[in-house]
Amino acid sequence: MESVIQGKIFKFGDNVNSDIIIAGRYLIHIDPEELGQHAFEMLGDGYPAKLRNFDILVAGRNFGCGSAREQAATAIKGLGIKAVVAASFARTFYRNAINDGLPIVECPALVEAVQEGDIIRIDLAAGTVNLGGKDFTFQKIPESVRKILELGGLAAYLKSHLEAQSDVPR
Amino acid sequence: MGKTIAEKILAAKSGNSSVTPGQIVDAYPDLVMSHTATWRSASVMKRIGATKLYDPDRLAIVLDHISPAKTEKYAADQLVSRSFAREFGIQKFYDIDAGIAHLVLMEAGHVLPGALIVGTDSHCTIYGSLGALGTGIGYTEVTSVWLTGKLWMKVPETLKIVLNGRFEQGVFAKDLMLHLIGTLGADGCNYKSVEYYGGGAESMSVSERMTVTNLSMEMGVKCAFFPPDVNTAQYLEGRIAKNKYEPVFADPDAEYEKVLELDLAKIEPMVACPHEVQNSKPIGEVKGTHIDQAFLGSCANAKYEDLVVASKILNGRKIHPDVRLIITPGSKKIMLEAMQSGVLQTLLEAGGLVTNPGCGACAGDGGTLADGEVCLSTANRNFVGRMGSNKSSIYLASPATLAASAIHGVISDPREFV
Chain A
1 MESVIQGKIF KFGDNVNSDI IIAGRYLIHI DPEELGQHAF EMLGDGYPAK
51 LRNFDILVAG RNFGCGSARE QAATAIKGLG IKAVVAASFA RTFYRNAIND
101 GLPIVECPAL VEAVQEGDII RIDLAAGTVN LGGKDFTFQK IPESVRKILE
151 LGGLAAYLKS HLEAQSDVPR
Chain B
1001 MGKTIAEKIL AAKSGNSSVT PGQIVDAYPD LVMSHTATWR SASVMKRIGA
1051 TKLYDPDRLA IVLDHISPAK TEKYAADQLV SRSFAREFGI QKFYDIDAGI
1101 AHLVLMEAGH VLPGALIVGT DSHCTIYGSL GALGTGIGYT EVTSVWLTGK
1151 LWMKVPETLK IVLNGRFEQG VFAKDLMLHL IGTLGADGCN YKSVEYYGGG
1201 AESMSVSERM TVTNLSMEMG VKCAFFPPDV NTAQYLEGRI AKNKYEPVFA
1251 DPDAEYEKVL ELDLAKIEPM VACPHEVQNS KPIGEVKGTH IDQAFLGSCA
1301 NAKYEDLVVA SKILNGRKIH PDVRLIITPG SKKIMLEAMQ SGVLQTLLEA
1351 GGLVTNPGCG ACAGDGGTLA DGEVCLSTAN RNFVGRMGSN KSSIYLASPA
1401 TLAASAIHGV ISDPREFV
């Protein structure tokens, strides 16, 4: 996973729930491409096609609330979105994003400052988001968990532990 | 300084003598629940080449969403889950006939006070009705716990909610929760643990406590608890031996982030309006709204007590001819009890349709809504498109409000019938 992510943002409001991100009828899929085709479909109005012109999602409070469905994070990845910045995340989405290798950033100040179509630059290692020359800082995800994200998700992390014959029993 | 229930359980399950909010620990759950999502966790395991579980006895599998299978794909997925259970000798395996995972596991005595339970469902918070720490995780993380026995967890801050007084006639735990979620918001308790106390909490049956801890999820909680008491012990009697569990209580001087007090007597029947649970209103502001369908189901409100509440109102009456009333009992045990007591007959004679137990229409299985249709539901979510068309609407209410509304064909105040 890249440590620096730059791109054009699309902006959502508060409380975007995981039923909106990917409807229950598509949970028969686990493949990112397949899920990406139906992401945000419930919003109608040109979704998800119009999101393909953006690189990063920015949202208000409580992004990913509701169902614990992991495919909410997978579907966003499947859309080609490289990261999600929100004022806050629901805890299940936060975990699922890390476990799916989707970088997430909690940064309320940036959310307030940014407009749809703006270009931002996220430096995950430094813990900063840059918008128009101004740096916004955010609290990096816990050190002990960062390795999962860096390896691209929990499945890859488990596999690497298996191969190292460490604490994953064969 | 004293400790809260979540702090004590997470300390015990991570081998720490004590933990504090914000601390990250490696915790070892006593039970890992996976429902219809089991095939996904099994495929992750296969993909990474793992073949050995940490402890097969800690797994519980219940096929509850979209069951029985409605397409070949669902059938194939269920086959993967079933084969996995057989291959690894999972004793706590429940097939499509059993009902909703949460209710099935509690009925079977697998949910113990003081336990740490994770599962592929956000409403695992319901296990707090018996004093267990339950919380939802994704399917890959379930695979991880299957293999390693553990997961990282952040110790949450705790809110204390003191419930005083008693409900008026016609007002129930569901109304309390729609009120609370409306007041605190969908993220009012994000990442937090909640503990319920007070005379009002003590007077609640375990069934009502299940509704409260289930709906607590809709304000973002990580977990929610009723401290185990005589009602808990009564529920567990005959399900699990007393010497098999150790209830966990908060210390008298435990540190709470916030303490809220509520008078149950002041709660009115409430309705959550489309398309967010936090969009809840007193019945007076919503009554008269036309409904096409009424769904009495879900892990929030399809327990035996819920069916009884609805049947008392529907007894000897007929539902409005323009309303479809779908009743999906939470579990086979509940269905059997309702059959033996005549509750099912009352519901059927009033004009209802009874389906097989499980998640049913709440998970988009049957009872699908067309463009412009309105469903009043006893479930826990009214998100756009959750039950079908994204141009349909879902309102949430108690089983009593549901029964009264099914009779009139419009959202109605249940107090007329008590």
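Note that the protein sequences, when read in sequence, are chains A and B.
Residue 101 in my numbering sits at position 101 of the first sequence, and the numbers go up by one each step.
For my numbering, count along the second sequence from 1 and bump the result up by 1000.
All C-beta atoms, glycine included, are put in the ideal place defined by N, C-alpha and C.
Under the three-state reduction of DSSP output, M1219(B) falls in the helix class. L1215(B) is positioned such that its CB atom lies no closer than 8 Å to that of A1085(B).
Taking C-alpha positions only, I30(A) is separated from R1040(B) by approximately 7 Å. Interface flag for D1292(B) against chain A is unset, since no Cβ pair is found closer than 8 Å. For I1009(B), there is no enclosing beta strand (DSSP E); the enclosing alpha helix (DSSP H) has its first and last residue at I1005 to S1014. Of all C-beta pairs linking the region 1157-1170 of chain B to the region 1193-1200 of chain B, three or more are shorter than 8 Å, placing the two stretches in contact. With contacts defined as CB atoms closer than 8 Å, A1294(B) and V1323(B) qualify as a contacting pair. When DSSP states are grouped into helix, strand and coil, L1376(B) belongs to the strand group.
The alpha carbon of D1026(B) has as its nearest neighbour, out of T1148(B), A1037(B) and V1354(B), the alpha carbon of T1148(B). V1111(B) sits in coil when the DSSP states are folded into three classes, being neither helix nor strand.
Taking the CA atoms as reference points, T1328(B) sits about 13 Å from L1402(B).
Those residues of the region 93-124 of chain A placed with their C-beta closer than 7 Å to a C-beta in chain B are R95, N96 and N99, ordered along the chain. It is roughly 8 Å from the alpha-carbon of K1333(B) to the alpha-carbon of A1098(B).
The straight-line gap separating the alpha-carbon atoms of I1126(B) and M1210(B) is approximately 5 Å. Taking every protein chain shown into account, the CB of G1316(B) has fewer than 16 other CB atoms within 10 angstroms, so this residue is exposed. When 9 Å is used as the limit between beta carbons, D31(A) is near no residue of chain B, the shortest such separation being about 11 Å. Among the residues of chain A, those whose CB is under 7 Å from the CB of F1383(B) are N17, D19, I20 and G66, following chain order. The beta carbon of H1320(B) sits closer than 7 Å to the beta carbons of A1406, I1407, H1408 and G1409 from its chain, once the five residues preceding and following it are set aside; these are given in chain order. Annotation for R91(A): the continuous alpha helix (DSSP H) segment containing it runs R91 to N99.
Ranking T1183(B), N1390(B), L1396(B) and P1357(B) by CA distance to the CA of P1068(B) puts P1357(B) first. DSSP lists R121(A) as the bridge partner or partners of Q6(A).
Residues of the region 1037-1056 of chain B whose Cβ lies closer than 8 Å to any Cβ of chain A, in chain order: A1037, R1040, S1043, V1044, R1047, I1048, G1049, A1050, T1051, K1052, L1053 and Y1054. The beta-carbon of L154(A) is placed less than 8 Å from the nearest beta-carbon of chain B. Here A83(A) is buried: its Cβ has 16 or more other Cβ atoms, across all protein chains shown, within 10 Å.
Within the region 1304-1338 of chain B, the complete beta strand (DSSP E) segments at least 3 residues long are 1324-1327, listed from N- to C-terminus.
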